[in-house]
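To start, the structure under review is shown below, and the notes come after it.
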Amino acid sequence: MRVNKRFTLLAAAAALVVTTTVQAAPVYINILTGGTSGVYYPIGVGLSQIYSVGIKDSKTSVQATKASVENLNLLQAGRGELALALGDSVADAKNGVEDAGFKAPLTKLRAIAGAYPNYIQIVASQESGIKTLADLKGKSISVGAAKSGTELNARAILKAAGLSYKDMKVQYLPFAESVDLIKNRQLDATLQSSGLGMAAIRDLASTMALNYVSIPADVVAKIGNPAYQSANIPANTYDGQAEAVPTVAITNILVTHSDVSDEVAYQMTKLLFDNLTRLGNAHSAAKDIKLENAAKNLPIPLHPGAERYYKEVGAL
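Throughout the sequence shown, residue numbering follows mature numbering (1 follows the signal peptide of the UniProt record, and there is no 0), covering -24 to -1, 1 to 292 in sequence.
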């Protein structure tokens, strides 16, 4: 009788272990970023470290991608849980703008937070003689991967300046490769859409003299898209950049999708703002993420989990 009772207790304990194991299924959070030499990637790594500790049973990973357009398509397909993307690309994704890389409207996208601004940064080797947008005529320039967020920015800006790709020798290259070609005198200039102080430009500025090409406010106005705002790259952001450079800023958005649970989305949002100082240590661009602006002027709906957080803290 005692043996049977002991057996019953052991069986019950085993069943409890199995049940507990099933209930504690891992929470997978794949963070979609950009090239490893850009800003999205180190911020993604920082968030991954924060979430791996702060979200119970989470298994986080960081995926290097071609950035905005690829990230949004991957989210729609359920192949990631969080991504950084440019605000204009997010709007195009919502509307299914095919020329921007979206064959149909991406209906599952949900916002976690408006993040820091990307700055359009056009740099040229000093020996190329490129000082203004008009000087790009006849020169070679890299504009990022084809139909990437950066390349879409390049099209809009050059068109507003009265230029087209036919006026120059265009290459579709990632940040790091563009820099290497400029170093080797095989490329004159590169247009990069990124947070300030990006590693690729810092590296280039430390090895050769550069010209920083401005984008005047009248050109920004001609773009005709409210996602594009006049801004300045502050003086001394890079070696040899003694003066502020007028340019364009476009807000980045942290995006998830509707299949992510409300609780996970809530935790991702809360932990983001609870750890802004730590995230700023991952990359200085993250220091520009502000709670008071995070839920405003977004082109897609907030995820209900993120909305819950903003209401709790009085930001919505």
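The C-beta atom is built at its ideal place from N, Cα and C for all residues, glycine as well.
Backbone CA spacing between residue i and residue j [nearest angstrom]
i: Leu50; j: Ala67; result: 16 Å
i: Leu58; j: Ala225; result: 22 Å
i: Val(-3); j: Lys35; result: Note on Val(-3): pLDDT 48, under 50, position unreliable in the model; the coordinate value appears next. The alpha-carbon atoms of Val(-3) and Lys35 are separated by roughly 16 Å.
i: Pro275; j: Val240; result: 22 Å
i: Asp250; j: Leu230; result: 16 Å
i: Leu62; j: Ile96; result: 12 Å
i: Arg(-23); j: Lys32; result: Unreliable positioning characterises Arg(-23) in this predicted model, as indicated by a pLDDT of 48, which lies under 50. The coordinate reading is nonetheless provided below. If I take the Cα positions, the gap works out to 40 Å.
i: Pro280; j: Lys84; result: 13 Å
i: Leu112; j: Leu180; result: 19 Å
i: Gln52; j: Ser104; result: 42 Å
i: Lys79; j: Gly30; result: 36 Å
i: Lys142; j: Asp194; result: 22 Å
i: Thr183; j: Ala211; result: 19 Å
i: Leu(-9); j: Ile26; result: Confidence at Leu(-9) is low in this model, with a pLDDT of 48, below 50, so the placement of that residue is unreliable and no value is reported for it.
i: Lys115; j: Ala165; result: 8 Å
i: Leu82; j: Glu127; result: 20 Å
i: Arg284; j: Gly90; result: 16 Å
i: Gly56; j: Val73; result: 21 Å
i: Asp64; j: Gly54; result: 21 Å
i: Ile106; j: Ile199; result: 22 Å
i: Leu252; j: Val289; result: 15 Å
i: Ala132; j: Pro2; result: 43 Å
i: Asn187; j: Val236; result: 45 Å
i: Ala175; j: Gly11; result: 11 Å
i: Arg209; j: Ala110; result: One detail in the question is off: residue 209 reads as Ile in this sequence, not Arg. Approximately 20 Å, taken between the alpha carbons.
i: Asp264; j: Gly77; result: 28 Å
i: Asn160; j: Leu48; result: 34 Å
i: Glu153; j: Gln102; result: 19 Å
i: Thr108; j: Ala121; result: 23 Å
i: Thr(-6); j: Lys266; result: Here Thr(-6) scores only 44 on pLDDT, less than 50, and its place in the model is too uncertain to base an answer on.
i: residue 301; j: Asp238; result: This structure does not reach residue 301, given that the chain is present from -24 up to 292, and the question cannot be answered.
i: Ala137; j: Tyr286; result: 39 Å
i: Tyr242; j: Leu60; result: 17 Å
i: Ala220; j: Ala130; result: 21 Å
i: Asn273; j: Ser37; result: 29 Å
i: Ala218; j: Asp75; result: 38 Å
i: Thr245; j: Met144; result: 43 Å
i: Ala40; j: Ala207; result: 28 Å
i: residue 293; j: Gln205; result: Residue 293 lies beyond the range of the chain shown here (-24 to 292); nothing can be said about it.
Cutoff 8 Å: residue i Cβ touching any chain B Cβ
i: Glu268; result: Absent from the structure is chain B; it holds one protein chain and no more.
Residue i CB to nearest heavy atom of the ligand ATP below 7 Å
i: Ile209; result: As far as ligands go, the structure on display features none, and thus does not contain the ligand ATP.
Beta-carbon spacing of residue i, residue j below 8 Å
i: Gln168; j: Phe151; result: yes
i: Val119; j: Val155; result: no
i: Gly22; j: Leu255; result: yes
i: Ile191; j: Val99; result: no
i: Ala282; j: Ile7; result: no
i: Tyr92; j: Asn228; result: yes
i: Ser170; j: Asn269; result: no
i: Ser140; j: Leu149; result: no
i: Pro202; j: Arg86; result: no
i: Thr213; j: Leu172; result: yes
i: Leu247; j: Ala271; result: no
i: Gly216; j: Ala185; result: yes
Identified DSSP bridge partners for residue i
i: Arg86; result: Thr232
i: Ile7; result: Val38, Leu58
i: Gln97; result: Gln168
i: Gln147; result: Ser118
i: Ser206; result: Val224
i: Leu51; result: DSSP, once it has assigned bridges, lists no residue as partnering Leu51.
- Item | Stretch-stretch touch, CB-based, cutoff 8 Å, three pairs: the stretch 253 to 272 with the stretch 9 to 20 | yes
- Query: Taking one C-beta from the stretch 69 to 77 and one from the stretch 37 to 52 each time, how about it: are there three or more such pairs within less than 8 Å?
  - Reply: yes
- Task: Kindly provide the ranges of any beta strand (DSSP E) runs that are 3 or more residues long and lie completely inside the stretch 152 to 194, ordered along the chain.
- Result: 165 to 170, 186 to 189
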